[in-house]
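Visitor: Residue numbers (my numbering): 294 to 751.
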Ligand code: ARG
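1. What first and last residue would you give for the alpha helix (DSSP H) that runs through residue 740?
2. For the beta strand (DSSP E) that residue 435 lies in, which residues bound it at each end?
3. Quick check on residue 643: does DSSP put it in helix, strand or coil?
4. For the alpha helix (DSSP H) that contains residue 312, what are its first and last residues?
5. Should residue 610 be listed as close to ligand 1, given that the test is whether its C-beta is under 7 Å from any heavy atom?
6. Start and end of the beta strand (DSSP E) containing residue 453?
7. Bridge partners of residue 305, per DSSP?
8. What alpha helix (DSSP H) runs, 4 residues minimum, are completely inside the segment 632-700?
9. Who are the near neighbours of residue 536 in its chain, counting only those whose CB is closer than 6 Å to its CB and skipping five residues on each side?
10. Hey, would you say the C-beta of residue 462 is under 7 Å away from at least one heavy atom of ligand 1?
11. Are at least three pairs of beta-carbons, each pair with one atom in the segment 371-382 and one in the segment 303-317, less than 8 Å apart?
12. What are the partner residues of residue 443, as DSSP defines its beta bridges?
13. Would you mind working out which of 488, 583 and 456 sits nearest residue 719, comparing C-alpha positions?
14. Mind checking whether the beta-carbon of residue 374 lies closer than 7 Å to any heavy atom of ligand 1?
15. Does residue 485 come out as helix, strand or coil in the three-state DSSP assignment?
16. Looking at the structure shown, is residue 568 part of a helix, part of a strand, or coil, going by DSSP?
17. Using C-beta distances below 7 Å, list every residue in its chain close to residue 428, excluding the 5 sequence neighbours before and after it, in chain order.
18. Which residues in the same chain have their Cβ closer than 7 Å to the Cβ of residue 678, if we skip the five residues on either side of it in sequence?
19. Please report how far the alpha carbon of residue 666 lies from the alpha carbon of residue 571, in whole angstroms.
20. Mapping the DSSP letters down to three states, classify residue 357 as helix, strand or coil.
21. Does residue 451 pass the burial test, meaning 16 or more other C-beta atoms within 10 Å, or should it be called exposed?
22. Taking the alpha-carbon positions, what's the residue 398 to residue 489 distance?
23. Grouping DSSP H, G and I as helix and E and B as strand, with all else coil, what is residue 601?
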């Protein structure tokens, strides 16, 4: 097959150059978006009189035929034709003849590929936003169902203060709601039309960029032709948002993994989302959570690859840019499969509230509240902190928990203690006292979950 740019060449391309440069093996997936953009371009060429309307109609019909064949997997991709754009254009010329040769008027593959990728990415972002919404919906169901189970809150992975499970899970809901907002913001910057930039400087043809933007649903046309064909910041932003979202998924997975080990025993992940061991019959491994945690690494790698790809490129288009495709496809695919599997896995998780409560009773997590108790009775916080530290040390020596101490024993440390200390130490009371917006008191957590549900719908 002759190259579309063969005119100024006397010899054929080296076989290895084709191997190095052919992208159709991975960019063929852009075909539906490439064809949509070409149809809009052809219509504009016809409407502005840059080509005959009859030719535009033929082109559009030919492109629709090709789209149907591609969807039926009845299209022969040829790596010798380099990429998705040249494959489709060559097929168009083969099918409709001379009219097909007019499609590339006032256009370059440089503005074409940028347009295709923006269209593709816009759809991926919409899919991702929908998936985050579904995932958060399940997360909220889960949080509401087990809202008042008390478990240890950790800092440094050391027992810190008891919290409600609903509170703990709501923390993740907030992270994923921010992820959703981030993707929506990236979408705004993605949603700009490069077409019309042509190779880099624009075109002498009397094009109507606004018409193309309208047909393709872009909110604006790119303000600078050189910028339009050469920057990929929107891809980096997308990968950045994806990396952050994967980081959130990964942290959550890390907790699910910890919580499901028998040493914690807080949860059991359903059979459909765990695997056994080929040698140890007793095993039930949280592979799904581990894989999501692991896949986070590849998304970070893709993001780093894109940043590195861009850092030394002079304006404008450079062929290096072809190396953005596999990264963005990988990021999008990885994020979407991880969100989907996590959404399905959540409802399979069984909670062992008794084990959580038992763990919350260990580790002296009422200690801060004992100090606050003394503060309420006039002791300076620093002094109270020191004193309660001594009480905890005594408990450790005696093999006791704070609630096991008698009032007499408390009063040996300070006369400020009275019989109300036993109520102060109850886990439920400890949690209930964090009664302000953002705190772990049950009514505050329920209200926060309700508000999050509203934002999810909004
Ligand atoms: N396959 C190319 C890419 O992904 C399309 C643009 C080619 N442009 C060019 N001047 N060779 O970047």
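Glycine included, every Cβ here is placed at the ideal spot set by N, Cα and C.
Guide: Walking through what the data contain:
1. 735-750
2. Not the beta strand (DSSP E): residue 435 falls in the alpha helix (DSSP H), residues 402-438.
3. strand
4. 308-314
5. yes
6. 451-457
7. Looking at the DSSP assignment, residue 305 forms no beta bridge with any residue, so it has no partner.
8. 646-654, 660-669 and 674-691
9. 592, 593 and 596
10. no
11. yes
12. 457
13. 456
14. no
15. strand
16. strand
17. 469, 632, 635 and 636
18. 664
19. 54 Å
20. helix
21. exposed
22. 10 Å
23. helix
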